[in-house]
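Okay, so here's the structure we're looking at.
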Amino acid sequence: MKVRDISNLIRTNLWNHGYCLEQTENIIEKEHNVHLNIVDRAYIKDKYVKYCLEYWVEKIDSFLKEHSANRQLVERLIALNNIRHFVEIPPPFNEMNYYQLLMKHKHLIEQHKEEILMRHFKEKCLELSMAHSNTITKQIDFFKALLEFLTMFEKCEEYPDMMKLQHLHEPDISSDKFFQLIMDLHIADSNIKLKQLQNAAQSLIGHKYIAFMDKYQEIIGAYFKPVKMQKLTIDNRVVIEIIGGNFYLSDIISDINSMLFHDSYVEEVRFICSGIMYINENLENSTWHGKNIVVYAKAIVICDKYKWDISGQSADATTITKAKTHDNGVGLDGEHGKCGESGGNVFIYADTVLHPEMLEIWSNGGNGSDGQSGGDGKNGRNGTGISHVDFKNHFPTCGKFVGKSSVENLRTTVRNIRSLGQIRISWLNGKNCSVEDIIKCKKRCNTYLEAVTEESQEIYFSSSFDGQTFVLYKGRRPGGRGGVAGLGGQGGYPGKAISNDNGIVVISNSGKNGENGKEGKCGIHGKNGWDMSFIDCAHWMKGKYYGTNENNKLELSCYDSNASNRIYVPYRATNSNNKYVQILETSIPKPPSTTFTEKNISTRSKCQAQAERKKNISGVSQDVGVRLV
């Protein structure tokens, strides 16, 4: 068995099939009809790890070539120099199959051997990073040289040999043919720029992967074709993009204005010029208010004094100065003022800007509108309660042991409570139940009811097996409050202007906040409605009525001990130690005569509309930079 044969078998099966070490050893034994000894296996293990590492580096090289436009990959490759162990390798390099095989057999890599392998691996990665960084740099240098060359020819038809460049835009042209066409150009008037372009092209001939090939063709196409204008959706925003070689703003402004007029959702307009953009038009605020603008050009010429006004619009004033009063007597809250629109952002980049001081960019925030005043509350009507006559008719006593009348009176009371209001609690002998269950009772029982009428009057009823009972009917307390003032609208934010030429004049200020509205006046609260109650016990001579003069408020007071004027409430005994109740009586207080505010502006400010800055365009330099580095 020859050593060379073993090496070839390891390489072949590892490259073609990605076999693990055990499979490889089995194949070697089968191919040579031998039984491997300890020395053989040690040799095979050593070669297996070595070839895994080599093939892994080759795969990294191929991967970088296929993704040569991704500079971050090269940066990650360079960063591998900081790791110490193979298990620390980051994505995407740790996702490759040869790395996976290496980690599957990492027990074969001793500590001192890992240091040697890691040093070798880092050397190879450094070579790859330098090679790929150099390739990307060459492609970018060609991009710059191409742009500088094209800017010399505003009208390509004046230079017949330039028309040959149209073939560079053919969809299936190879990269070598692309660069060779440039090498064959002969234009005497441009010998310096042409020489620079041809030198850059020469350095790329023979490279398999050209990351920016589609961008080269895009620029060539823009140079020979009319200006291209399209509407796109980028980062969830609607954008108008204008791409051309050399163009005057006056030639395209009417088309852009029309697109902005018919689509109010457009947030941004991008001018991408591979040559010279001539600014010879104003941008009127009526059409361009709040719009983001991006200009990316080789050169910008400002032909005269012009103004681009992308300030935000001021909010419309509230048409009704005071909120209304609701039918229920409560003053409606005033609406908040509307926020002013924020000014648009501007990003301008060009190698050269002629007469920058002739261009003024205005990007002020719009003013917020005033808040609406709150509506006035109506005076509340006097509260109501139940009359003594109606009370006695609706709620006969069920606290005396007088034949069947006690049980029948309980049923009558329960039926009348059900007819007067919505039942909140219905309880019988220790359990929640329906009202019908109580009405069906044919003997004395422990029961409890709570209800509320349509006018918010509350009814409480309790009856025990041993004849202790009460009914409490509470009157309502109406009254109208004033509406809360609307807060003034926030002024719009100023836009940001970013340019590599500080000569352009930028005017950018925040909009003014609107004034807060006034508080609505509160209506005077009506007099509280009176309460009425009846409490009885089988052992008392007679029950006692409270509030029959229709001028008292009553409260249930609860205790944990009994007394002569208290009764036992079974419902409370299941939930609390305070199972005895007593009726406490007070006079109805006079209604307040002063006005008051029930809401606070500081709490409402959380609901106030906030002005929004225009979306950032900081990512444009990276997005457009691929087009026109």
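Counting along the sequence shown from 1, when you hit position 331 you're at 331 in UniProt numbering, and nothing is skipped either side. We put the CB at the ideal spot given by N, CA and C, even for glycine.
query	result
Buried or exposed (CB count within 10 angstroms, at least 16 for buried), Gly430	exposed
Inter-residue spacing [alpha-carbon to alpha-carbon] between Trp15 and Glu29	19 Å
For Ala538, the first and last residue of its enclosing beta strand (DSSP E)	First-last for Ala538: undefined, no H or E at that position.
Backbone secondary structure at residue 702 - three-state DSSP	Nothing about residue 702 can be reported from this structure: the residues present for the chain run from 1 to 629 only.
As assigned by DSSP and simplified to three states, the class of Asn577	coil
Lys104 burial status per 10 Å Cβ neighbour count (16 or more: buried)	exposed
Straight-line gap, Ile6 to Ser175 (C-alpha atoms, nearest Å)	42 Å
Distance between Ser250 and Ser510 (C-alpha atoms, nearest Å)	30 Å
From Gly529, Gln180, Ile173 and Thr574, residue whose alpha carbon lies closest to that of Ser387	Gly529
DSSP three-state assignment for Trp362, whether helix, strand or coil	strand
Contact the stretch 409-424 vs the stretch 450-466: 3+ CB pairs below 8 Å	yes
Residue span of the beta strand (DSSP E) that contains Tyr460, given as start and end	Glu458 to Ser463
Run of the alpha helix (DSSP H) containing Lys512, from where it starts to where it stops	Unbroken run through Lys512: none, as it is neither H nor E.
For Ser264, the nearest candidate out of Phe470, Gly290 and Asn282 (CA to CA)	Gly290
Rounded Cβ spacing between Val407 and Lys443 (contact assumed at less than 8 Å)	6 Å
Nearest to Ile279 (by Cα), restricted to the options Gly526, Glu95, Glu341 and Glu360	Glu360
Where Thr325 falls, given that 16 or more other Cβ within 10 Å makes a residue buried	buried
N- and C-terminal bounds of the beta strand (DSSP E) containing Asp309	Tyr306 to Asp309
Ser602, DSSP secondary structure in three states	Because Ser602 sits at a pLDDT of 46, beneath the cut-off of 50, its placement in the model cannot be relied upon, and the point is left open.
Alpha helix (DSSP H) runs contained entirely in the stretch 195-237, provided each spans 4 or more residues	213-224
Reduced DSSP secondary structure (H/G/I, E/B, other) of Ile548	Residue identity differs from the one stated: residue 548 is Thr in this sequence, not Ile. Coil, per DSSP.
Residue range of the beta strand (DSSP E) that includes Phe86	Element bounds for Phe86: n/a, residue is neither H nor E.
Local conformation of Trp427 per DSSP, three classes	strand
Closest residue to Gln23 among Ile44, Asn37 and Val39 (Cα-Cα distance)	Ile44
Bounding residues of the beta strand (DSSP E) (the contiguous stretch that carries Tyr493)	Careful: Tyr493 lies outside any beta strand (DSSP E) and carries neither H nor E.
Proximity below 7 Å, CB of Arg613 to CB of Tyr493	yes
Rounded C-alpha distance that separates Ala497 from Gly343	10 Å
Where Ala350 falls: helix, strand or coil (DSSP)	strand
Cut-off 6 Å between Cβ atoms - residues of its own chain near Asp536, not counting five sequence neighbours on either side	Thr397, Gly399, Thr469 and Gly543
Coarse secondary structure for Tyr99, derived from DSSP in three states	helix
Own chain residues within Cβ distance below 6 Å of Trp362, not counting five before or after	Asp309, Ser311 and Ile507
Given 8 Å, three or more beta-carbon pairs between the stretch 578-590 and the stretch 547-565	yes
Contact set for Tyr99: own chain, Cβ-Cβ below 7 Å, skip 5 residues either direction	Trp56, Ile89 and Phe93
Whole-angstrom distance between Ser373 and Leu354, CA atom to CA atom	53 Å
For Asn432, the residue or residues it bridges with in DSSP	Trp427
Candidates Ser203, Leu181 and Glu218, of which the one nearest Ser171 by Cα	For the sequence presented, residue 171 should be read as Pro rather than Ser. Ranking Ser203, Leu181 and Glu218 by Cα distance to Pro171 puts Glu218 first.
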